[in-house]
Every structure is written in structure tokens, then in C-alpha cells.
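**Q** First to last, the protein sequences are chains W and Z. Following the working numbering, the residues of the first sequence are numbered contiguously, the last one being 145. Following the working numbering, the residues of the second sequence are numbered contiguously, the last one being 145.
2 protein chains.
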Amino acid sequence: MGYTIKDLSERTNLSPNTLRYYEKEGLLPDIKRTKGGIRHYSQENLEWIGLITCLKNTGMTIKQIRQFVDLSLQGPETLKARCELLKTHKQEIERHIEEINRYYDKVNCKIDYYTKQYEQYMEEEGN
Amino acid sequence: MGYTIKDLSERTNLSPNTLRYYEKEGLLPDIKRTKGGIRHYSQENLEWIGLITCLKNTGMTIKQIRQFVDLSLQGPETLKARCELLKTHKQEIERHIEEINRYYDKVNCKIDYYTKQYEQYMEEEGN
DNA sequence: GTAATACTTAGCGTTAACGCTAAGTCAAGA
DNA sequence: TCTTGACTTAGCGTTAACGCTAAGTATTAC
Numbered sequence: 019m020g021y022t023i024k025d026l027s028e029r030t031n032l033s034p035n036t037l038r039y040y041e042k043e044g045l046l047p048d049i050k051r052t053k054g055g056i057r058h059y060s061q062e063n064l065e066w067i068g069l070i071t072c073l074k075n076t077g078m079t080i081k082q083i084r085q086f087v088d089l090s091l092q093g094p095e096t097l098k099a100r101c102e103l104l105k106t107h108k109q110e111i112e113r114h115i116e117e118i119n120r121y122y123d124k125v126n127c128k129i130d131y132y133t134k135q136y137e138q139y140m141e142e143e144g145n
Numbered sequence: 019m020g021y022t023i024k025d026l027s028e029r030t031n032l033s034p035n036t037l038r039y040y041e042k043e044g045l046l047p048d049i050k051r052t053k054g055g056i057r058h059y060s061q062e063n064l065e066w067i068g069l070i071t072c073l074k075n076t077g078m079t080i081k082q083i084r085q086f087v088d089l090s091l092q093g094p095e096t097l098k099a100r101c102e103l104l105k106t107h108k109q110e111i112e113r114h115i116e117e118i119n120r121y122y123d124k125v126n127c128k129i130d131y132y133t134k135q136y137e138q139y140m141e142e143e144g145n
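Printed below as a string of C-alpha cells:
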């Protein structure tokens, strides 16, 4: 039971290098080892990595994630703090979403504009 | 008429350094100069920078933007190519939007989860 | 005329998040 | 048993997109 580092690498699309790096940086606590020292990731570990990846891909730095992880390790007294941290981050994400939507509109406008320009150009050339 | 580099820096939130850098990299063609060699940005230049910024902040690299700019400089024969390029990029943006929405949902789930955990914790402690 | 701003070249520094390598050791599944 | 994969330390390399500095010159708004 459990995943080897290669298994997990495939499931998470993170390289073994990256998985070791995250562990070293404190983002992945409680990874079990065999007697021989080989990592064995649990289902829980896999899910945790899902959360880490989520935070990372929405703009959190490793250091910031580290702080969140440190809180998590301190037990239920920090539940509120963790919640606040996530709520703050949620607002960040909302800002990103707004921004990207604005840019999306802008690109669409440009596409329309170029399309019209192109049609006009073809008409002129077409004669 | 026209903006100095400082004016434009303020309007675009790009540093003078960055504006010169973009120009050097070929993202900003046709910037006029005074006899003395001082840059004078036009309204058109400002709008162009708006587009560049849009592409950059939606994940295009300087090099890719450069290709788009090069096409633009070649006149109306490249209108179709530019259009295709933007459409491809539009799909990229759509992928980003989907991704970020998934992450957004995940963060919200976590917030709910922690909130419930917290309430439960408070109940237990509250006695 | 003078202070404030702009220009150039050029080249080194920075940050984040890894990648990669090497050397040497160890583990474990078939 | 043997081959395949895993482990460690440690340290250098990489990429993108600038930042910063210095030195020395030129311009321009007031």
C-alpha cells in the first residue's frame, strides 16, 4: 500500500526532484519511510499535495505555503488562523479572476477588430 | 503633446527601465524622439502598450509577443496570421480560466471544511 | 542658466523554483 | 540474485524579466 515516489510523480505531475524539494522545504510533513528509508506516500499525502498544488498554482510562493503548513502542524488551535489565511488568499484569487476576465475581453475585442480589418482588406484586394 | 517616459511609467505601471527594455526587445516599435533623442510616446503608443501588457499578463513570454509585433509590422497581409495567433492565445486563456475556477472551488471547500472543524473544536472546548 | 530629467552602453545582480549531476550507498521486488 | 529504482549531500546551472549602477553626456522646462 502507498505510493512510491515515482507513482506519486505520475499522479501529481510533479517530478521526483520536486517532491523531494517540497519535502525539504517543509511543505510535505509526515511522509512515511520504509526501514530502508524509502518514501511511501499515503492517500492522505496525495490529497495534501493536491492542496499545496492548488495554492501554488494560484500564486502563493513556497514560503507562504510553508507558513500555512506550519500552522497546520500546530493542531486545532490554529484552525481559525488557517481559515483566515485561506480567505485572504481567496480574495487574491478573485482579483486574478477579475483581471484575467478583463484581459479575456480585450483579446476578444482585438480578434473582432482584426477580423473586420481582414474582411475589409480582402474586399479591396478582391477586385 | 505626447508623454515622457515618466508620464507613461505612471500611466502604465511599468518602470522607465521596463519601457526601455520592451523597446529594446522590439515590443514597442515606432516610438518617436525629439531632436535631442528624448522619447515622446503618443496615445497610440499607450494603447499598444495596453495590448502588450494584456498578452504578457495572460502568460505570453516576451519572445512570443515579439513574434506578434513582428507580424504587425509587416502590414495587412499578416492580418489573418495575427488573428489566428490571438485565437490560439484566447484558448490558452480559457484553459487558465477553467483551471483557476477549479482551484477557486477547492479553496472554498477547504474554507468550509476548516470553518466546520473550527466550530466543532469550539464546542468541545466551550464546556 | 540651472535643476531636473533623459539618454547611452554595458554589464553584473536578483528571485523563484526547480533541474541536473556526480558519487557513492542502499533497498527491494521478481 | 540481480536489476531497477531510491536514497543522500552538495553544489552548480537555468530561465525570465527585469533591477540597478555607474559613468559620462545631453536636453529641456522654467
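Glycine included, every Cβ here is placed at the ideal spot set by N, Cα and C.
Under 8 Å: do the segment 63 to 75 of chain Z and the segment 97 to 112 of chain W share three or more Cβ pairs, one atom per stretch?
**A** The segment 63 to 75 of chain Z is not in contact with the segment 97 to 112 of chain W.
**Q** Figure out for me which residue from Z/E116, Z/I49, Z/Y132 and Z/K124 has the closest Cα to the Cα of Z/T156.
**A** Past the edges of chain Z, shown from 19 to 145, lies residue 156 of chain Z, and the structure says nothing about it.
**Q** Under 8 Å between beta-carbons, which chain W residues line up against Z/L97? List them in chain order, please.
**A** Y132, Q135, Y136 and Y139
**Q** Determine, using beta carbons only, whether Z/G20 and Z/Y59 come nearer to each other than 9 Å.
**A** yes
**Q** So, are the CB atoms of W/T71 and Z/V125 less than 9 Å apart?
**A** no
**Q** Quick check on Z/I56: buried or exposed, where buried means 16 or more other Cβ atoms within 10 Å of its Cβ?
**A** exposed
**Q** Please compile the residues from chain Z whose C-beta is within a distance smaller than 7 Å of the C-beta of W/K124.
**A** Neighbours of W/K124 in chain Z, taken as residues whose beta carbon is under 7 Å from its own, are C72 in chain order.
**Q** Could you check whether the Cβ of W/I115 sits closer than 9 Å to any Cβ belonging to chain Z?
**A** yes
**Q** What's the call for Z/R100, buried or exposed, on a 16-neighbour Cβ count within 10 Å?
**A** Here Z/R100 is buried. Its C-beta has 16 or more other C-beta atoms within 10 Å.
**Q** Hey, is W/R84's beta-carbon within less than 9 Å of any beta-carbon in chain Z?
**A** No, because no Cβ of chain Z sits closer than 9 Å to the Cβ of W/R84.
**Q** Are W/Y132 and Z/L45 closer than 9 Å when you measure CB to CB?
**A** no
**Q** Could you have a look at W/K53 and say whether DSSP puts it in helix, strand or coil?
**A** coil
**Q** W/G20 CB to nearest chain Z CB: under 9 Å?
**A** no
**Q** Answer with yes or no whether the minimum CB distance from W/E41 to chain Z is below 9 Å.
**A** no
**Q** Note the first and the last residue of the continuous alpha helix (DSSP H) segment covering Z/P34.
**A** P34 to K42
**Q** Taking C-beta to C-beta, are W/L97 and Z/Q135 nearer than 9 Å?
**A** yes
**Q** Based on Cα-Cα distance, which residue from Z/N119, Z/P47, Z/I115 and Z/E102 lies nearest to Z/R84?
**A** Z/P47
**Q** Between the Cα of Z/L69 and the Cα atoms of W/R120, W/T79 and W/R113, which residue gives the shortest distance?
**A** W/R120
**Q** Cutting at 8 Å between CB atoms, please list the residues of its own chain near W/R38, excluding the five before and the five after it.
**A** I23
**Q** Compute the distance between the beta-carbons of Z/I80 and Z/L26, then report whether it is under 9 Å.
**A** no
**Q** Scan the segment 65 to 101 of chain Z and note each continuous alpha helix (DSSP H) run of 4 residues or more that stays entirely inside, going in chain order.
**A** 80 to 91
**Q** What number of angstroms, rounded off, separates the C-alpha of W/N31 from the C-alpha of Z/R113?
**A** Inter-residue distance for W/N31 and Z/R113 is about 17 Å (C-alpha atoms, whole angstroms).
**Q** Note down, in chain order, all residues in the segment 44 to 67 of chain W with a beta-carbon under 8 Å from any beta-carbon belonging to chain Z.
**A** none
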